[in-house]
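Everything below concerns the one structure shown next.
Protein chains in written order, with the numbering used here: chain A, 129 to 215; chain B, 10 to 363; chain C, 1300 to 1564.
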């Protein structure tokens, strides 16, 4: 696991009930770390989710949140260094 | 004696609106009510209030909708063709329960017609010219004084019931100059917590008439219908002249009632016992007083400046076993008292002795 | 293993406060949702939630006042600019904006938008142009492209029968009343950022009483374009951008100064 480029890596949270599976976020993520999920939400939309193995690569650029037509995506940056176990 | 000023009906409406606290006026030029718009163009800015000459009657009714939604007393004025353009907006205002005053200075129709006074918009104004189940309070002035007084009443009733109110008048009354007592201005305006004033320190207000689910929309319409019932119970107004000993009653409103009054006087001089029942509210229509009169009077003569619209409500009120005849002009032609008198005399000959 | 603890972490992006919580009803990939989000962000940033008024029009966004948590009202099809005019004139401290589609603004409401601009009304109009009638199921709009399929131009729009698409910004920028007229798009994140800047500037023009501000936003309608969302953005770039070039079509000097200020701030 090479160390992340900066102190805290970023991550996104997709609100499963707001998401309609349009997958625009998938298409705009510069790191290509979002992909169609294997499950749907209550309304039957195939959700988008971050590929677990690539979660580290999120740079917090918010491209996915900007393009989301349903304001379903929130973007955060860790406020502290990763927990020891993760290093 | 309070001061009287010689004033055209159209001007009396404008001044009545200002006295009633009208904060916004939107209008579009159309004869025979241009003077009203021109007067407001001068006076509303003087009062620090809103005046807009709009690009069409459609824009005028939509601005009226916006001003009413913002909780302001507001008015528009037009004439028959413009009133037709405003029907959709009026239906929206009724559906959204917005108070506002609509002036229709009627003219000869249908179509482009002419600029002579007429009453051919009766059905449209009183039965609802727009879509859906709604009614409009209709006030019918018959003098320059009433043009002022009923405009002020219109604002009061609009706010009382949160419903548009029509001042239904015509080109004759709009242009005719008569002495008018200037009323006292209204100082207390009702407060409107439901209005669009900015969600500061309160939950947001939404004003609409839209509900996709019919089962949720019908209850809203039911509330409107209950409101119209309350209006029918509380707001009927009319004037009766010589009804106590009348054997024939003329029924007429607005400027037609002025011709009828002259005909009544001429008939009385000939010993004919004629009375006049003049509705001031066309909705709510004074069915009850007419039904009561029909207990002791079997002859009714309807005088209207249309081809038999107003007469339908009179027939509804007095019943089909009564004789109800029509003396009318239409298309902008005035109704002479003599024409009414001829019908009175013809009807009286046939019923002598009854 | 990272510890996801949102409450401790810095927020890089979050749903704006001015948006209510319940989800949009729009189709997947619909551009209206993006534009609503931008409007709400701008209203949060300018701190005008207590003065903002959403003047809704008729179309897919007919219930837009439900999605914003500030005052809002409905207006008849095409008449929103007139409704907003009256609200602004009667209550000048309020900040009304109309949200209209291409049918509402450029078809039935053409007179109202032209005259609101001609009068230089101090209101803001957000005009979503997706070149189709969405709510009614995909009929031709005034902005439908030549040759473009719609349910009312089955063989593609032919000028002989259905005339030519209308370029609204170019048309309205010839009038003296508007202070700011711009056309933006939401086809990718960079475009969305620019769209937000234009929408914010439009609201700031209103706040500075500089006259009418209008932002036309090219917006995808996957359902009625019959293209799935990601490809709809490509379709927009390939077909709408050439017909409707992006740019600021009118920026009066006072608005240009506002722009300079924002760069320094």
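Beta carbons: idealized from backbone N, C-alpha and C, even for Gly. These numbers come from a predicted model, not from an experiment.
- Excluding sequence positions up to five before and after residue 225 of chain B, its CB lies less than 6 angstroms from no other CB in the same chain.
- Using a Cβ-Cβ cut-off of 7 angstroms, residue 172 of chain A does not count as an interface residue toward chain C, since no Cβ of chain C sits closer than that to its own.
- Residues of chain C whose Cβ lies closer than 8 angstroms to the Cβ of residue 195 of chain A are, in chain order, 1333, 1485, 1487, 1488 and 1491.
- Here the alpha carbons of residue 1393 of chain C and residue 126 of chain B stand approximately 42 angstroms from one another.
- Neighbourhood of residue 1369 of chain C in chain B, by CB distance below 7 angstroms: 208 and 213, in chain order.
- In the same chain as residue 1423 of chain C, and ignoring 5 residues on each side of it, the C-beta atoms closer than 6 angstroms to its own belong to 1396, 1501, 1502, 1505 and 1512, in chain order.
- In terms of beta-carbon proximity, residue 217 of chain B lines the interface with chain C, with at least one pair separated by less than 7 angstroms.
- Counting only the Cα atoms, residue 1432 of chain C lies some 16 angstroms from residue 1446 of chain C.
- Note on residue 1479 of chain C: 16 or more other CB atoms within 10 angstroms of its CB, so buried under the neighbour-count rule.
- The beta-carbon distance between residue 150 of chain B and residue 328 of chain B, rounded to whole angstroms, is 29 angstroms. This is too long to meet the 8 angstroms contact definition.
- Residue pairing by DSSP places residue 317 of chain B in no beta bridge whatsoever.
- At the C-beta level, residue 1498 of chain C and residue 1341 of chain C come within 7 angstroms of one another.
- Under the Cβ distance rule, residue 188 of chain A counts among the residues neighbouring chain C, one pair being separated by less than 7 angstroms.
- Below the 9 angstroms Cβ cutoff, chain C contributes 1310, 1311, 1312 and 1313 as neighbours of residue 203 of chain A, in chain order.
- Within the stretch 1333 to 1359 of chain C, those residues whose Cβ lies closer than 7 angstroms to any Cβ of chain A are, in chain order, 1333 and 1336.
- Here the C-alpha atom of residue 145 of chain A lies approximately 24 angstroms from the C-alpha atom of residue 220 of chain B.
- In this structure, residue 161 of chain A and residue 185 of chain A form a Cβ contact; the two beta carbons are roughly 5 angstroms apart against a cut-off of 8 angstroms.
- For residue 106 of chain B, no chain C residue has a Cβ inside 8 angstroms of its Cβ, as the nearest lies near 12 angstroms away.
- In the DSSP assignment, residue 334 of chain B falls outside any alpha helix (DSSP H) and lies within the beta strand (DSSP E) extending over 332 to 337.
- By a beta-carbon distance limit of 8 angstroms, residue 176 of chain B does not contact residue 198 of chain B. Their separation comes to about 19 angstroms.
- For residue 1369 of chain C, the secondary structure class from DSSP, reduced to helix, strand or coil, is coil.
- If the five residues before and after residue 339 of chain B are omitted, its C-beta is found closer than 7 angstroms to the C-beta atoms of 127, 129, 314, 315 and 316, all from its own chain and listed in chain order.
- Going by DSSP, residue 1332 of chain C is part of the alpha helix (DSSP H) stretching over 1330 to 1344.
- Annotation: residue 1325 of chain C to residue 69 of chain B spans about 32 angstroms, alpha carbon to alpha carbon.
- When C-beta distances to chain C are compared with 8 angstroms, the residues of the stretch 83 to 114 of chain B below that value are 83, 97, 98, 101 and 105, in chain order.
- Bounds of any beta strand (DSSP E) do not take in residue 165 of chain B; it lies within the alpha helix (DSSP H) bounded by 153 to 170.
- DSSP, reduced to helix, strand and coil, places residue 213 of chain B outside both helices and strands of the structure shown, so it counts as coil.
- Taking a Cβ-Cβ threshold of 7 angstroms, none of the residues of chain C is close to residue 166 of chain A; the smallest such distance is about 18 angstroms.
- Against chain B, the beta carbon of residue 1372 of chain C has neighbours under 7 angstroms at 78, 205, 215, 216 and 217, listed in chain order.
- The beta carbons of residue 160 of chain B and residue 110 of chain B sit about 7 angstroms from each other, so the pair counts as a contact at 8 angstroms.
- Around residue 329 of chain B, no beta-carbon contact reaches into chain C at under 9 angstroms, the shortest distance being about 41 angstroms.
- Under a 10 Å Cβ-count criterion, residue 15 of chain B is classified as exposed, with fewer than 16 other Cβ atoms of the shown protein chains found around its own Cβ.
- When DSSP reads this structure, residue 174 of chain B sits in a beta bridge with B:110 and B:146.
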